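Under full-length UniProt numbering, read the sequence shown as residues 1 to 280, first letter to last.
Have a look at the structure below before the remarks.
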Amino acid sequence: MLNAGQPYAGTHSPTPHTCQEDFLGIGIWDRRQGIEPSLRLRRAIHSADTLLVRRILKSHPSLLQNPDSTPTGLSNTNLHLASSLGHTSIVSLLLSLYRPANTPPTTNPKDIPALSSLPLNEEYQTPLHLASANGHTEIVHLLCAACPGCIKRGDIRGRDALMLASKEGHDTVVQILLTFSPAGPEALLEGADLDGNTALHFASSSGHLLVLRTLLAAGADSDRRNAWSWTPVAYSATVQAEVYFKGLVGEVERRKAVRREVKEKGTGGAVRVVREGEEM
């Protein structure tokens, strides 16, 4: 029992401040255990705790990038982690904390970086690569709007976000990337990885029929060959997929032929004036 005037000798005083921190997920225990703010920040991102992420970055603004230095971390930044996990509110918060892209460069490492380009990890992947591969459509939309010039950027294997989304079958992501491509969808569809594979090769080999239709409708070249002279249709996952692919190609070719014919002949026709009393 406590004597009169004797101070409380428990583990910690249950003040409102500590209760709030315990509720938010990183409280007194983390600090007493000597856990670094960088690790606490990554834990908060894993927990999708946007308010806690905001509080930590307000106290430690230099941790905006916070690359993961663990052996399997690939130097992924906070933006990489939040984008791969699909935490839209945290991605939006992180993007808002970067300096505008048009601000002059700085040599001070303590300064907040500008969003002239998305950060890269050890595999030269941007957060857009990870969000696209995981099918997080809202985050892909945010990142494309923040850095449209990053859409065509390839990783260490030469694969851009469109190829990864096509490989995993995320049709909505594919449509967003094609829409936001600064040079138009045709320029993005022409991209190939180090093995010469295009987004159409990846969609075909994985059997994603809806993505195949989207890519072909956008103008993907079905005759494009990779480094081993294989066309996308040669990588069809099943016989049924091959038949469907060839049917799509035939449909696209027929539509192109109709458009060419209309363009050559013109859409207007001669009009004969019929006078009163004449037979038509």
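Built from N, CA and C at the ideal position, the CB exists for glycine as well.
Here the structure is a predicted model, which means the values were calculated and not measured.
Taking the alpha carbon of residue i as the reference point, which residue from the options has its own alpha carbon closest?
| i | options | result |
| --- | --- | --- |
| residue 243 | 256, 38, 213 and 143 | 213 |
| residue 35 | 174, 48 and 56 | 56 |
| residue 77 | 38, 135 and 205 | 38 |
| residue 178 | 194, 93, 258 and 141 | 141 |
| residue 73 | 154, 193 and 121 | 121 |
| residue 63 | 104, 146 and 97 | 97 |
| residue 233 | 65, 91 and 209 | 209 |
| residue 167 | 186, 85, 134 and 184 | 134 |
| residue 180 | 230, 90, 147 and 41 | 147 |
Which two residues bound the contiguous alpha helix (DSSP H) that contains residue i?
| i | result |
| --- | --- |
| residue 247 | 239-265 |
| residue 141 | 137-146 |
| residue 129 | 127-134 |
| residue 50 | 50-59 |
| residue 168 | 161-168 |
| residue 201 | 199-206 |
With DSSP run on the structure shown, which of helix, strand or coil describes residue i?
| i | result |
| --- | --- |
| residue 183 | coil |
| residue 18 | Per-residue confidence for residue 18 stands at a pLDDT of 40, beneath the threshold of 50, marking its modelled position as unreliable; no derived number is given. |
| residue 114 | strand |
| residue 225 | coil |
| residue 40 | helix |
| residue 99 | strand |
| residue 220 | coil |
| residue 62 | helix |
| residue 120 | coil |
| residue 76 | coil |
Between residue i and residue j, is the Cβ-Cβ spacing less than 7 Å?
| i | j | result |
| --- | --- | --- |
| residue 130 | residue 69 | no |
| residue 137 | residue 88 | no |
| residue 207 | residue 226 | no |
| residue 94 | residue 79 | yes |
| residue 156 | residue 123 | yes |
| residue 174 | residue 183 | no |
| residue 161 | residue 128 | yes |
| residue 169 | residue 211 | yes |
Following a CB-centred definition, is residue i positioned closer than 6 Å to any heavy atom of the ligand NAP?
| i | result |
| --- | --- |
| residue 113 | Although the ligand NAP was asked about, the structure shown includes no ligands whatsoever. |
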